[in-house]
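Asker: The opening residue of the sequence shown carries number 1 in the working numbering; numbering runs sequentially from there. Each residue gets a CB set at the ideal place from its N, CA and C atoms; glycine is no exception.
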Amino acid sequence: MNSKRVVYEVFERGEGAWIPMHVESDSKDEEYFLGDVVGIGAKIREWRRYNSIGGPFRRFENESLTDWCSRVYCDSYPWPSTDDVVNEAVTTFLAEARRYSSEKFIICKILGPTETAEAFFAPPQSSRARELGQIYHRFDFALYLKLRYSEATKIYDRIASYILELVKACAELDIVDAVRIADDVCWYGGTLYNWDFVRDKYLYWHRLFANAIKRRGKYAILHTDGDITRNNLVRELASIYDALHPLDLCPKSTVDAAYRWVGRIIEVRKLLSDLSKRTVFFTGLPIDLIFNDSIVVSELTKLVEYFLKMHGKRDLVIATTHRPYPGRSYSEDLPRKKVQAVRELLRAYSL
Numbered sequence: 001m002n003s004k005r006v007v008y009e010v011f012e013r014g015e016g017a018w019i020p021m022h023v024e025s026d027s028k029d030e031e032y033f034l035g036d037v038v039g040i041g042a043k044i045r046e047w048r049r050y051n052s053i054g055g056p057f058r059r060f061e062n063e064s065l066t067d068w069c070s071r072v073y074c075d076s077y078p079w080p081s082t083d084d085v086v087n088e089a090v091t092t093f094l095a096e097a098r099r100y101s102s103e104k105f106i107i108c109k110i111l112g113p114t115e116t117a118e119a120f121f122a123p124p125q126s127s128r129a130r131e132l133g134q135i136y137h138r139f140d141f142a143l144y145l146k147l148r149y150s151e152a153t154k155i156y157d158r159i160a161s162y163i164l165e166l167v168k169a170c171a172e173l174d175i176v177d178a179v180r181i182a183d184d185v186c187w188y189g190g191t192l193y194n195w196d197f198v199r200d201k202y203l204y205w206h207r208l209f210a211n212a213i214k215r216r217g218k219y220a221i222l223h224t225d226g227d228i229t230r231n232n233l234v235r236e237l238a239s240i241y242d243a244l245h246p247l248d249l250c251p252k253s254t255v256d257a258a259y260r261w262v263g264r265i266i267e268v269r270k271l272l273s274d275l276s277k278r279t280v281f282f283t284g285l286p287i288d289l290i291f292n293d294s295i296v297v298s299e300l301t302k303l304v305e306y307f308l309k310m311h312g313k314r315d316l317v318i319a320t321t322h323r324p325y326p327g328r329s330y331s332e333d334l335p336r337k338k339v340q341a342v343r344e345l346l347r348a349y350s351l
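#1: Indicate the three-state DSSP secondary structure (helix, strand or coil) for Ala341 in the structure shown.
#2: What does Met21 pair with, by DSSP beta-bridge criteria?
#3: To which residues of the same chain is Tyr73 closer than 7 Å at the C-beta, ignoring the five residues directly before and after it?
#4: Who are the Cβ neighbours of Val255 in its own chain at under 8 Å, not counting the five residues just before and after it?
#5: Which residue from Leu208, Ser253 and Val198 puts its Cα closest to that of Val234?
#6: Relative to the C-alpha of Lys201, which residue among Asp242, Trp187, Lys218 and Lys154 is closest?
#7: Does the Cβ-Cβ distance between Val38 and Lys104 come in under 7 Å?
#8: Taking the beta strand (DSSP E) that Ala243 falls in, what are its first and last residues?
#9: Going by DSSP in three states, Cys170 sits in which element: helix, strand or coil?
#10: By Cβ distance below 7 Å, which residues in the same chain neighbour Arg347 in space, the five residues on each side in sequence not counted?
#11: Can you look up Arg180 in the DSSP assignment and give me helix, strand or coil?
#12: Using the rule of at least 16 other Cβ atoms within 10 Å of the residue's Cβ for burial, across every protein chain shown, is Gly327 buried or exposed?
#13: Could you tell me the distance, in whole angstroms, from the CA atom of Ala319 to the CA atom of Trp261?
#14: Any idea if Phe281 is buried or exposed, counting beta-carbon neighbours within 10 angstroms, 16 or more meaning buried?
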């Protein structure tokens with residue numbers, strides 16, 4: 001049995017021959033060799049660049065809120081052809097994904113409308129931040145949403161309409177097993193946007209994304225950071241999506257904090273226990289500990305053992321919470337040894 005089939009079995013009946021693993025990396029070769037899943041982005045490249053060079057709706061330095069709001073409106077942007085955007089993103093995705101699709105479970109990763117909207121409003125990054133590959137959100141879309149709700153949601157709807165067409169196109173591809181939408185809506189203190197927006201726009205569009213994915217026979221996964229338990233948001237998301245990643249509910253930068261984080265994940269699992277559908281969790285490997293050089297291999301494997309003891313092996317893909325920190329990779333000896341030890345543990349745990 002290969003990796004692809006094992007992950008399918010987790011989705012279809014709760015567990016496979018072993019507990020599968022997804023180690024996210026900027027290097028898809030590393031993902032291929034270290035885990036059972038390879039996630040590859042279908043990117044609207046011009047829009048991604050806005051996180052670096054600054055978005056078309058950004059607020060200029062020393063610009064007043066009044067001047068900014070009067071200048072920014074949906075139709076002031078030269079919206080591109082939907083077909084051109086989708087075709088470029090799909091073509092680039094296929095060129096990379098074909099290399100890995102015969103054995104591994106392939107996730108097509110698409111940035112959602114909320115994070116994309118923030119990119120449209122993002123300030124230019126410093127040269128140092130661009131070197132490190134860091135993305136700095138000032139959350140000016142969230143501010144604009146408060147000041148001009150109607151125009152902000154018009155922009156949001158326009159962005160989301162492009163993403164829906166990209167989702168449909170990627171879900172049609174034979175080599176795609178699942179589509180994952182990455183769209184942060186929370187921080188550790190709760191939602192980043194007012195609840196009316198979350199209910200009327202965020203959840204509305206995510207239902208459309210997930211339905212489009214599932215109608216084409218693929219699994220729908222959501223990546224969203226922060227504490228998604230506020231206002232029972234996690235139950236809404238679990239009712240929409242087949243799987244959730246990364247359950248990044250609270251800080252976990254130390255070993256003790258990571259054990260508390262595991263407890264929070266178990267609480268979420270219990271919160272969802274009465275839903276009529278199952279939800280697969282992609283979680284369990286905090287990137288904070290993998291790339292903390294003071295944490296030894298055994299400390300990480302003990303954490304994963306504890307997680308498995310508390311959660312059980314059903315409806316689970318052990319996954320890193322995020323990609324490696326800028327400038328770090330699994331070519332380094334200690335991080336690689338950590339994930340290899342976890343992989344051996346998962347195989348032994350499944351026997």
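Answerer: Reading it off the structure:
#1: Within the sequence shown, numbered from 1, the residue matching residue 341 stands at position 341. It is helical.
#2: In the sequence shown, the residue the question calls residue 21 occupies position 21. Here Met21 is bridged, per DSSP, to Ile318.
#3: Counting from one through the sequence shown, the residue named residue 73 turns up at place 73. Cβ neighbours of Tyr73 beyond the five flanking positions: Glu151.
#4: Mapped onto the sequence shown, residue 255 falls at position 255. Within its own chain, the residues whose Cβ lies closer than 8 Å to the Cβ of Val255, once the five positions on either side in sequence are excluded, are Leu289, Ile295, Glu299 and Leu303, listed in chain order.
#5: Here residue 234 refers to the residue found at position 234 when the sequence shown is read from its first residue. The shortest C-alpha separation from Val234 is found at Val198.
#6: As a first step, residue 201 must be located in the sequence shown, where it is residue number 201. When each option's Cα is compared against that of Lys201, the closest is Lys154.
#7: Reading the sequence shown from its first residue, position 38 is the one you call residue 38. Reading the sequence shown from its first residue, position 104 is the one you call residue 104. The Cβ-Cβ distance between Val38 and Lys104 falls below 7 Å.
#8: Taking the sequence shown and counting its residues from 1, one reaches residue 243 at position 243. Segment Ala243 to His245, the beta strand (DSSP E) holding Ala243.
#9: Residue numbering aside, residue 170 sits at position 170 when the sequence shown is read from its first letter. In this structure, Cys170 counts as helix in the three-state DSSP scheme.
#10: Residue 347 sits at position 347 when you count from the first residue of the sequence shown. Apart from sequence neighbours up to five positions away, the residues of its chain that approach Arg347 with a beta-carbon distance below 7 Å are Trp18, ordered along the chain.
#11: To locate residue 180, count along the sequence shown from 1; it is residue 180. DSSP, read as helix, strand or coil, puts Arg180 in strand.
#12: Counting from 1 along the sequence shown, the entry for residue 327 is found at position 327. Exposed: under 16 other Cβ atoms inside 10 Å.
#13: In the sequence shown, counting from the first residue as 1, residue 319 sits at position 319. In the sequence shown, counting from the first residue as 1, residue 261 sits at position 261. Between the alpha carbons of Ala319 and Trp261 lies a distance of about 14 Å.
#14: Taking the sequence shown and counting its residues from 1, one reaches residue 281 at position 281. With 16 or more other CB atoms across the displayed protein chains lying within 10 angstroms of its CB, Phe281 is buried.
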